[in-house]
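For reference, each letter of the sequence shown is one residue, going 1 to 408 in UniProt numbering.
Think of the CB as a built atom: it goes at the ideal place given N, C-alpha and C, for glycine as much as any other residue.
Taking it in order: structure first as structure tokens, then the write-up.
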Amino acid sequence: MDVASVRWLGSPAGRAVLRDLGPYDESAAVGVSARLRAGGLAPDLVAAALTQQRLRTRAREKFGELADGMLFTADGLEQATRFEIAAGHAERFAQASIATAHDLGCGIGSDAMALAALDVTVAAIDADPVTAAVADANLRPWPDSRARVGLAEDWVAPPGAGRDRVGAWLDPARRVGGVADAAGRTRRVFRLDDIAPSWTTVLSIAQAVPATGVKLSPSFPHDQLPRGAEAQWVSRAGELLECTVWFGPLARTRGRTARVLRPGQAPIEVTEDTATADVPCVGGVNEVHPWLYETDRALVQADLVGAVTAATDGRELEPGLGYVTADTAYGLGYARRYAVRDVLPLNVKALRAWLRARQISGVTIKKRGVRLDEAGLMRQLKVRPGADATLLLTRVAGHNAVLVLDQD
């Protein structure tokens, strides 16, 4: 797809064609292509329209019905921020009374759209001409907001940006160009030194524009957080998605925070103030209590497991793993609760005997802190995937163990 195709897709004629196509159906694609060509549409535009039809159908998982009015690239869709998370980003700018936000590396424009929807005027740039054209088309409902081709490294803050209601948003590239994998995805990078624009560039932009936010990998190292800034780890439905660093007026709480999103529920935010600094741990398997709390990964990565131990008067099974055992059942929006049926050594023979004695043939295996082939263990235990019991393979006070759990 080229820029001309994107412009046609965003035109009234292109939008009409896309509207008539409906959801993508692989089995009907050849027939649809033939019909469009017979109607006089050029082959390159037919291909572009069918690509958008396919991408829009995939994008519904991230964007819901909003996807039906958007344009995408394959890489852009994969890397785009979910709209509910982008809305959380935009809310910070709106609450800080930012009038104009510069989106420096906008991708297909999901964050730019969220900002514009909250009446923040967006000036977006992206290094790739096709991607910039897609973002500009997606910003069509907000005429004052536009996207163009440009490099974050070349961007110059407008005069007075440090005093005026101006903000900056960056989503640095975290992929390496070159050979893609079988699914067409390029390799991800996780080191802060490998992002583009560089971390040094990000810090210089934040110096010039105090109201700056940057979306980074969840592996962001704690010791790289600048003084006075906020690093917030974000999860959705238990999946850890990003770490966002907020500067200046966009930082609500200095230090490390976590934001937990669950579909249909209000977001939960946890700060260092709600977490004990020193997380107590069990001394051995005999100290495992009737209830187990699986701390949300956003809190684990933010080193805020102390919020769970404080709320439950519990102890962590092993430092840094996020599993907390306690005597009492509490309802926490940032930890999943299980009832502990038994605690066993990680020994195949003993575990198989335990399962056989209770006629358990279907299990779910969870693991954290141990290296073990799950499929191989299932074969050794002579069980199948199922819901009769949950086996947690983990570390307890420095020793491998199995906790047999029931989800409460």
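Between the options, which has its C-alpha nearest residue i's C-alpha?
i: Gly264; options: Leu151, Gly333 and Val383; result: Gly333
i: Pro391; options: Arg384, Met378 and Leu405; result: As written in the sequence, residue 391 is Leu, which differs from the Pro given in the question. Residue Leu405 is the option with its Cα nearest to Leu391.
i: residue 410; options: Ile195, Ala231 and Asp194; result: The structure shown does not extend to residue 410, since the chain spans only 1 to 408, so no value can be given for it.
i: Ser5; options: Pro158, Leu36 and Ala49; result: Ala49
i: Ala117; options: Asp126, Gly107 and Phe93; result: Phe93
i: Thr73; options: Cys106, Gln407 and Ala96; result: Cys106
i: Leu45; options: Asp68, Trp246, Gly10 and Ala67; result: Gly10
i: Val234; options: Arg37, His89, Pro12 and Trp354; result: His89
i: Val305; options: Glu242, Arg256, Ala357 and Pro43; result: Arg256
i: Ala42; options: Arg58, Ala13 and Asp68; result: Ala13
i: Gly76; options: Glu239, Tyr323, Met1 and Trp246; result: Met1
i: Glu242; options: Arg259, Trp155 and Thr253; result: Arg259
i: Glu84; options: Gly314, Pro267 and Pro290; result: Pro267
i: Arg371; options: Trp246, Glu26 and Asn400; result: Asn400
i: Glu374; options: Val348, Arg227, Leu355 and Arg356; result: Val348
i: Trp291; options: Leu355, Thr364 and Arg315; result: Arg315
i: Arg7; options: Asp223, Pro159, Arg140 and His289; result: Arg140
i: Arg163; options: Thr131, Leu355 and Ile98; result: Ile98
i: Trp246; options: Leu355, Ile360, His289 and Glu91; result: Glu91
Report the rounded CA-to-CA distance for residue i versus residue j, giving the unit in angstroms.
i: Ala180; j: Glu78; result: For Ala180, the predicted model reports a pLDDT of 48, less than 50, meaning its position is unreliable; a value from the coordinates is still stated below. Roughly 14 Å separates the two Cα atoms.
i: Ala183; j: Asp327; result: Residue placement at Ala183 is poorly supported in this model, since its pLDDT is 48, which falls under 50; the coordinates are not used for a value here.
i: Ile205; j: Ala339; result: 49 Å
i: Leu393; j: Asp278; result: 25 Å
i: Arg165; j: Ser145; result: 16 Å
i: Arg297; j: Pro23; result: 34 Å
i: Gly398; j: Leu321; result: 11 Å
i: Asp194; j: Pro218; result: 14 Å
i: Gly178; j: Ala196; result: With a pLDDT of only 48 at Gly178, under 50, the local geometry of the prediction cannot be trusted, and the value read off the model is given with reservation. Their Cα atoms are separated by approximately 15 Å.
i: Asn138; j: Thr271; result: 35 Å
i: Thr100; j: Gly248; result: 15 Å
i: Glu269; j: Arg262; result: 12 Å
i: Arg15; j: Leu115; result: 23 Å
i: Gly283; j: Leu71; result: 55 Å
i: Lys366; j: Pro385; result: 12 Å
i: Arg236; j: Gln301; result: 14 Å
i: Pro129; j: Gly362; result: 52 Å
i: Arg368; j: Met378; result: 17 Å
i: Ala168; j: Asp119; result: 15 Å
i: Gly238; j: Gln52; result: 30 Å
i: residue 409; j: Arg174; result: Outside the shown range of the chain (1 to 408) lies residue 409, about which nothing can therefore be said.
i: Gln380; j: Asp342; result: 20 Å
i: Thr364; j: Pro280; result: 28 Å
i: Val285; j: Thr325; result: 11 Å
i: Ala47; j: Arg54; result: 11 Å
i: Arg19; j: Leu66; result: 13 Å
i: Thr131; j: Gly40; result: 27 Å
i: Leu225; j: Leu216; result: 12 Å
i: Ser198; j: Trp142; result: 30 Å
i: Ala223; j: Gly64; result: Note that residue 223 is Asp in the sequence shown here, rather than Ala. Asp223 and Gly64: Cα-Cα distance of roughly 37 Å.
i: Pro210; j: Val122; result: 17 Å
Report back the beta-carbon spacing between residue i and residue j to the nearest angstrom; my notes put them in contact at under 8 Å.
i: Ala161; j: Ala229; result: No, Ala161 and Ala229 are not in contact; Cβ-Cβ is about 18 Å, not under 8 Å.
i: Ala86; j: Asp103; result: Actually they are not in contact, since the Cβ atoms of Ala86 and Asp103 sit about 11 Å apart, beyond 8 Å.
i: Ala335; j: Glu287; result: That pair is no contact at about 19 Å.
i: Asp68; j: Arg58; result: Between Arg58 and Asp68 the Cβ distance is about 12 Å, and since that is not below 8 Å, they are no contact.
i: residue 419; j: Val30; result: This structure cannot speak to residue 419, because the chain is shown only from 1 to 408.
i: Ala157; j: Leu170; result: Contact doesn't hold; Cβ gap of about 13 Å is too wide.
i: Phe220; j: Leu240; result: Wrong, their Cβ atoms sit about 11 Å apart, outside the cutoff.
i: Thr312; j: Tyr323; result: Wrong, their Cβ atoms sit about 12 Å apart, outside the cutoff.
Is residue i near residue j, with beta carbons less than 8 Å apart?
i: Ala133; j: Val17; result: no
i: Val402; j: Leu344; result: yes
i: Leu317; j: Ala307; result: no
i: Ala127; j: Gly109; result: no
i: Arg82; j: Lys62; result: yes
i: Arg337; j: Asp408; result: yes
i: Val149; j: Pro172; result: no
i: Thr276; j: Thr309; result: yes
i: Asp154; j: Ala147; result: no
i: Arg352; j: Lys382; result: yes
i: Val214; j: Thr253; result: no
i: Leu346; j: Ala96; result: no
Give the DSSP bridge partners of residue i, in chain order.
i: Gln207; result: Answer by DSSP bridge pairing: none, since Gln207 is not bridged.
i: Lys367; result: Leu393
i: Trp169; result: Asp103 and Gly213
i: Asn400; result: Arg395
i: Pro345; result: Ala401
i: Gln407; result: Tyr338
i: Gly109; result: BP columns for Gly109 are empty, so no partner.
i: Glu239; result: Arg236
i: Pro385; result: Val363
Would a check of beta-carbon distances place residue i closer than 8 Å to chain D?
i: Asp44; result: Here chain D cannot be found, since the structure has a single protein chain.
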